[in-house]
Amino acid sequence: MRSFTVIYVPGLFDRTRALLALQRAALRLWRPWGARVDFFVVGWADDAEYEDRLDSLIARVDAHRSQGREVVLVGASAGASAVLGAFAHRREDVVGVAVICGKIHRPHIIPGPVLDINEVFEEALEAIDDHVESLTAGDLARVLSLRAVGDAIVPPEDTIIPGAVNRRMTIVGHISGIAWALLVHGERIMRFFRGLPTRPSPAR
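Quick note on our numbering: the sequence shown kicks off at 2 and runs consecutively.
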């Protein structure tokens, strides 16, 4: 079976150990479908610059590619902005991307206090339009966006990326939508990646 290094980027509250532990446990269920998971924590509430964190994520992609591994990116909620940014910069090296309940559109509807606490996320939202607009039709065909039927935190319409593979899950809620995707749709996500072409080997 074709296997991948899955670089997973969680959303806000990514310094909360309990939430991270739950996501790690859910992602372990992906192993039978060829997933080798590498967690990347942005630190959305940290005193950092988004560009620096994005550069670190890109460096993580480069490190895996230098070892000859096939790399895919998965981002949940706020993590969608980071994986799409990395994909825009490394589209020749990344097989594909999956975003789960990802905030893509209408950043202005996010409450100010949320952005005040998570300044890195605010910077990511400012960059996401340019990153998505830079993707070609062929690039977008390698992006899977999963959304909940209803989501009070990230409205479903804000997750839809024109030209990408947009799919609705039979679940309501934001946290429950992310959990449902990780626990129930892991095989579906990995099957999507297996259906994509292999990327050329990096130049030595």
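The C-beta atom is built at its ideal place from N, Cα and C for all residues, glycine as well. As the structure is a prediction and not an experimental result, all values here were calculated from the model.
Whole-angstrom distance between residue j and residue i, CA atom to CA atom
i      : j      : result
Arg54  : Val43  : 6 angstroms
Arg61  : Gly12  : 18 angstroms
Arg91  : Leu145 : 17 angstroms
Pro198 : Ile8   : 18 angstroms
Glu52  : Ser82  : 12 angstroms
Ile101 : Ile161 : 11 angstroms
Val115 : Ala125 : 14 angstroms
Gly164 : Ile111 : 25 angstroms
Arg186 : Val10  : Per the sequence presented here, residue 186 reads as His, with Arg not at that position. Near 17 angstroms, if we compare the C-alpha coordinates of Val10 and His186.
Phe193 : Leu141 : 13 angstroms
Arg189 : Ala128 : 29 angstroms
Glu120 : Ser4   : 35 angstroms
Residue burial classification, residue i (beta-carbon count within 10 angstroms, cutoff 16)
i      : result
Arg148 : buried
Gly151 : exposed
Gly196 : exposed
Leu184 : exposed
Met2   : exposed
Thr6   : buried
Arg1   : Past the edges of the chain, shown from 2 to 205, lies residue 1, and the structure says nothing about it.
Arg143 : buried
Proximity below 8 angstroms, CB of residue i to CB of residue j
i      : j      : result
Ala89  : Leu74  : no
Phe122 : Ala79  : yes
Gly139 : Gly103 : no
Ile105 : Ala46  : no
Asp15  : Leu21  : yes
Met191 : Ala26  : no
Leu58  : Val133 : no
Own chain partners of residue i with C-beta closer than 8 angstroms, once the 5 adjacent residues on each side are dropped
i      : result
Gly174 : Ala149, Gly151, Asp152 and Ala153
Proximal residues to residue i (C-beta, below 7 angstroms), its chain only, five neighbours per side dropped
i      : result
Trp181 : Met170 and Ile172
Val38  : Val7, Tyr9, Leu28 and Trp31
Ala159 : It should be noted that the sequence gives Asp, not Ala, for residue 159. Counting only Cβ-Cβ distances below 7 angstroms, and skipping sequence neighbours, we find Lys104, Ile105, His106 and Arg107.
Same chain only: Cβ atoms within 6 angstroms of residue i, ignoring 5 sequence neighbours per side
i    : result
Val1 : Lying outside 2 to 205, the shown extent of the chain, residue 1 is not represented and no answer is given.
_I'd like to know if the stretch 189-204 and the stretch 66-79 are in contact, where contact means that at least 3 CB-CB pairs between them fall below 8 angstroms._
Touching, per the Cβ criterion.
*Indicate whether the contact test is met: 3 or more Cβ pairs, each with one atom in the stretch 30-37 and one in the stretch 92-100, closer than 8 angstroms.*
The stretch 30-37 vs the stretch 92-100: no contact.
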